[in-house]
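A short worksheet on the structure shown next.
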Amino acid sequence: MIAFDNSFARLPERFYTRLDPTPVATAETIVVNDALATALGLDRDWLNGPQAVQVFAGNAVPDGAEPLAQLYGGHQFGSWSGQLGDGRAILLGEVRAEDGALRDIQLKGAGRTPYSRGGDGRAWLGPVLREYLVSEAMHAMGVPTTRALAAVTTGEQVARETLLPGAILTRVARSHIRVGTFQIHTARQDVEALRTLTDYTIARHWPDADGPAGLLDAVVAAQAELIAQWMGLGFIHGVMNTDNCSLAGETIDYGPCAFLDTYDPQKVFSSIDRMGRYAYANQPGIAIWNLAQLATALIPLMPDEEAAVADFTTRINRFADLYQAAWVRVFGAKLGLADPTLEDADLIQRLLTLMAGEALDFTATFTRLGMGEMPPALSAWAAEWQRRRAGDWTDRMARANPTVIPRNHRVEAVIAAATRGDFAPFHEMLKIATRPFDPLDETRAPYALPPEPTEVVRQTFCGT
Ligand code: AMP
Ligand code: MG
Numbered sequence: 070m071i072a073f074d075n076s077f078a079r080l081p082e083r084f085y086t087r088l089d090p091t092p093v094a095t096a097e098t099i100v101v102n103d104a105l106a107t108a109l110g111l112d113r114d115w116l117n118g119p120q121a122v123q124v125f126a127g128n129a130v131p132d133g134a135e136p137l138a139q140l141y142g143g144h145q146f147g148s149w150s151g152q153l154g155d156g157r158a159i160l161l162g163e164v165r166a167e168d169g170a171l172r173d174i175q176l177k178g179a180g181r182t183p184y185s186r187g188g189d190g191r192a193w194l195g196p197v198l199r200e201y202l203v204s205e206a207m208h209a210m211g212v213p214t215t216r217a218l219a220a221v222t223t224g225e226q227v228a229r230e231t232l233l234p235g236a237i238l239t240r241v242a243r244s245h246i247r248v249g250t251f252q253i254h255t256a257r258q259d260v261e262a263l264r265t266l267t268d269y270t271i272a273r274h275w276p277d278a279d280g281p282a283g284l285l286d287a288v289v290a291a292q293a294e295l296i297a298q299w300m301g302l303g304f305i306h307g308v309m310n311t312d313n314c315s316l317a318g319e320t321i322d323y324g325p326c327a328f329l330d331t332y333d334p335q336k337v338f339s340s341i342d343r344m345g346r347y348a349y350a351n352q353p354g355i356a357i358w359n360l361a362q363l364a365t366a367l368i369p370l371m372p373d374e375e376a377a378v379a380d381f382t383t384r385i386n387r388f389a390d391l392y393q394a395a396w397v398r399v400f401g402a403k404l405g406l407a408d409p410t411l412e413d414a415d416l417i418q419r420l421l422t423l424m425a426g427e428a429l430d431f432t433a434t435f436t437r438l439g440m441g442e443m444p445p446a447l448s449a450w451a452a453e454w455q456r457r458r459a460g461d462w463t464d465r466m467a468r469a470n471p472t473v474i475p476r477n478h479r480v481e482a483v484i485a486a487a488t489r490g491d492f493a494p495f496h497e498m499l500k501i502a503t504r505p506f507d508p509l510d511e512t513r514a515p516y517a518l519p520p521e522p523t524e525v526v527r528q529t530f531c532g533t
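Be aware that the sequence shown starts at 70, since it is given in our numbering, and climbs by one per residue.
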């Protein structure tokens with residue numbers, strides 16, 4: 070059925086608490102990701118049989134699973150929160166995917182754990198469908214991300230501002246090791262745990278890395294690449310706390326995330342981000358801040374603290390160059406440049422400045438440019454762009470610019486319909502958003518439209 074190989078559960082017990090998911094009233098499948106299931110080697114008959122939905126709902130623990138809630142800590146909005154941990158998620162175990170690497174299979178919304186603090190351990194339908202849609206769209210757009218294997222309703226209500234339908238997401242990740250997974254052991258002065266976790270993370274994700282410094286280098290490079298990709302899609306994560314920063318370099322913990330409609334670098338959607346800490350343009354700087362917290366957490370492993378601080382600072386400072394190179398590559402491709410170099414940064418930046426000044430739609434502007442349509446405000450800039458681009462620039466642009474991203478007002482409409490019991494809009498949008506680079510046709514075109522003034526989503530809420 071599921072061939073588990075649970076490496077995390079083989080670590081000492083101070084990294085987690087073993088416990089089963091809490092069963093729910095009536096589990097019903099919303100969606101199962103067949104392609105991902107195949108890549109994970111899951112059995113097709115089992116997947117489509119009656120047992121799978123019980124597993125995805127937490128009502129049955131499959132053979133070979135070793136359910137546990139992971140311990141971690143973290144900085145939230147820049148302040149140390151101490152111990153956090155999986156308060157509403159349970160790791161069933163790991164399976165080896167067709168690429169040879171392990172994947173976590175985790176139920177999100179599976180009931181209370183010792184790390185729930187005041188929470189109910191549950192999720193409601195809205196954030197589950199949002200994460201399903203957005204994470205699968207991100208994957209289809211080539212961005213490293215956790216993925217969605219299944220979503221089920223629980224037949225139970227969840228109390229938020231009102232009573233809402235409960236749901237559970239089955240999430241798949243290269244791992245759920247976060248910066249905060251390291252920080253908690255440093256805070257507890259548990260150097261042995263830090264060493265074990267460092268060795269485990271290197272072996273699992275970065276086997277070429279040499280010790281803590283090599284691990285830091287690898288994560289710096291992966292995060293620089295990841296954030297550049299977010300920026301190229303107008304993606305705002307919304308809660309870049311250190312507990313939401315993955316050592317595997319995947320986008321993780323889709324909460325109040327959103328894509329830009331109108332290009333505004335200072336844009337913030339999240340209702341809880343009152344200071345704008347996680348605004349679009351701040352994301353690279355925040356990634357550096359998070360990496361500095363990882364470096365700080367690793368210091369107790371080093372023989373000479375002063376030398377390690379100096380050395381780790383140098384390694385973190387490399388983020389700037391790595392990010393700039395990735396950003397030029399990402400945006401150069403979006404402009405159809407065959408071989409973008411740092412010298413193109415100015416051309417790209419001037420376009421973005423014009424887009425901000427004219428309040429142009431981020432995604433639609435690149436789609437239009439790729440189809441040879443020129444927004445009037447860009448015509449002077451375009452003269453220089455035309456000199457720079459060459460060869461098959463339209464093909465390159467079509468491969469680099471999604472025609473459809475999961476726009477916020479569309480996601481909200483999908484959630485509203487599903488809350489009323491109508492899942493058809495979810496299924497249609499999922500189909501469209503997971504083929505992001507297809508040309509626009511009659512079905513896709515409405516999804517490409519920016520929101521009407523009355524449809525604009527101004528605020529998004531955390532996935533609790
Ligand atoms: P997040 O903001 O989703 O990254 O979550 C931050 C912390 O709050 C994590 O430790 C979560 O496990 C916990 N948490 C969030 N929602 C709930 C909930 N409904 N029940 C219990 N814990 C929760
Ligand atoms: Mg989180």
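Backbone N, C-alpha and C define an ideal beta-carbon position, used for all residues, glycine too.
Can you tell me which of the options puts its alpha carbon nearest to the alpha carbon of residue i?
{"i": "ALA170", "options": "ALA395, ALA517 and ALA242", "result": "ALA242"}
{"i": "PRO520", "options": "ALA433, GLN120, ALA282 and TRP450", "result": "ALA433"}
{"i": "GLU135", "options": "GLU412, ASP74, LYS500 and ARG229", "result": "ASP74"}
{"i": "HIS144", "options": "THR267, ALA256 and GLU442", "result": "ALA256"}
{"i": "ASP259", "options": "ALA366, ASP322 and ALA487", "result": "ALA366"}
{"i": "ALA272", "options": "ILE474, HIS496, THR472 and LEU80", "result": "LEU80"}
{"i": "GLY211", "options": "PHE530, GLU225 and LEU295", "result": "LEU295"}
{"i": "LEU202", "options": "ALA394, PHE492 and GLU442", "result": "PHE492"}
{"i": "PHE431", "options": "THR331, GLY405 and TRP299", "result": "THR331"}
{"i": "ARG527", "options": "ARG489, ALA514, ASN477 and ASP507", "result": "ASN477"}
{"i": "ASN386", "options": "PRO353, LEU499 and THR265", "result": "PRO353"}
{"i": "ASP89", "options": "LEU105, GLY187, ASP132 and ASN117", "result": "ASP132"}
{"i": "PHE77", "options": "THR223, GLY127, SER185 and SER244", "result": "SER244"}
{"i": "GLN455", "options": "LEU406, GLU261, ALA487 and VAL483", "result": "LEU406"}
{"i": "SER148", "options": "ASN359, GLY303 and VAL288", "result": "ASN359"}
{"i": "ARG83", "options": "GLN152, GLU427, PRO515 and TRP299", "result": "GLN152"}
{"i": "ALA534", "options": "ALA126, THR107 and ALA219", "result": "Given that the chain is displayed from residue 70 to residue 533, the structure contains no residue 534 and the question cannot be resolved."}
{"i": "LEU116", "options": "GLY154, ILE71 and LEU404", "result": "ILE71"}
{"i": "LEU429", "options": "GLY127, LEU447, ASP415 and MET440", "result": "LEU447"}
Among all the DSSP beta bridges, which residues are the ones paired with residue i?
{"i": "GLY535", "result": "Lying before the first or after the last residue shown, residue 535 is absent from the chain, which here runs from 70 to 533."}
{"i": "HIS144", "result": "TRP149"}
{"i": "ILE271", "result": "None; ILE271 has no bridge partner."}
{"i": "ALA217", "result": "ARG240"}
{"i": "TRP193", "result": "GLY235"}
{"i": "ARG247", "result": "SER315"}
{"i": "THR331", "result": "ASP430"}
{"i": "SER339", "result": "THR529"}
{"i": "GLN226", "result": "PRO234"}
{"i": "GLU97", "result": "THR222"}
{"i": "ARG87", "result": "LEU137"}
{"i": "PHE73", "result": "VAL164"}
Does the beta-carbon of residue i, which I'm using as the reference point, lie nearer than 8 angstroms to any heavy atom of the ligand ADP?
{"i": "LEU153", "result": "As far as ligands go, the structure on display features the ligand AMP and the ligand MG and does not contain the ligand ADP."}
task: Determine contact between the segment 111-118 and the segment 235-252, defined as no fewer than three beta-carbon pairs at a distance below 8 angstroms.
output: The answer is no - the segment 235-252 does not touch the segment 111-118, with fewer than three Cβ pairs under 8 angstroms.
- request: Measuring from each Cβ to the nearest heavy atom of the ligand MG, keep the ones under 6 angstroms and list them in chain order.
  value: Output, sorted by chain position: ASP312, ASN313 and ASP322.
- prompt: Which ranges does the alpha helix (DSSP H) cover as unbroken runs of at least 4 residues, wholly within the segment 431-463, from first to last along the chain?
  reply: Within the segment 431-463, the runs of alpha helix (DSSP H) at least 4 residues long that lie entirely inside it are, in chain order, 431-439 and 448-457.
- prompt: If you pair each beta-carbon of the segment 275-285 with each one of the segment 191-205, do three or more pairs fall below 8 angstroms?
  reply: Contact check between the segment 275-285 and the segment 191-205: fewer than three CB pairs, one atom from each, fall below 8 angstroms, which does not count as touching.
- request: Note down, one range per segment and in chain order, each alpha helix (DSSP H) of at least 4 residues found wholly within the segment 113-139.
  value: For the segment 113-139, whole alpha helix (DSSP H) runs of length 4 or above, ordered along the chain, are 113-117 and 119-125.
query: Using 8 angstroms as the Cβ pair cut-off and three pairs as the minimum, do the segment 455-468 and the segment 421-440 touch?
result: At 8 angstroms Cβ cutoff, the stretches touch.
message: With three or more C-beta pairs closer than 8 angstroms as the rule, is the segment 154-167 touching the segment 220-235?
response: With a cut-off of 8 angstroms, the segment 154-167 and the segment 220-235 do not count as touching, because too few Cβ pairs lie within range.
- request: Could you tell me whether the segment 169-186 touches the segment 282-301, using the rule of 3 or more Cβ pairs below 8 angstroms?
  value: By the C-beta criterion, the segment 169-186 is judged not to be in contact with the segment 282-301, since fewer than 3 inter-stretch pairs fall below 8 angstroms.
Uninterrupted alpha helix (DSSP H) stretches inside the segment 361-436 (no shorter than 4 residues): Counting only runs of 4 or more residues that sit fully inside the segment 361-436, the alpha helix (DSSP H) segments are 374-403 and 414-426, in chain order.
message: Quick check: the segment 346-363 against the segment 303-321, are at least 3 beta-carbon pairs closer than 8 angstroms?
response: When C-beta atoms of the segment 303-321 are compared with those of the segment 346-363, three or more pairs fall below 8 angstroms, so the two segments count as touching.
field: At least three beta-carbon pairs within less than 8 angstroms, the segment 137-155 to the segment 91-107
entry: Note that the segment 137-155 does not touch the segment 91-107; fewer than 3 beta-carbon pairs, one per stretch, sit closer than 8 angstroms.
task: Within the segment 468-504, note down every full alpha helix (DSSP H) run reaching 4 residues or more, in order along the chain.
output: Entirely contained in the segment 468-504, the alpha helix (DSSP H) runs reaching 4 residues are, in chain order, 477-488 and 493-502.
- request: Give a yes or no on contact between the segment 471-488 and the segment 505-514, applying the rule of three or more CB pairs nearer than 8 angstroms.
  value: Verdict: yes, contact present.
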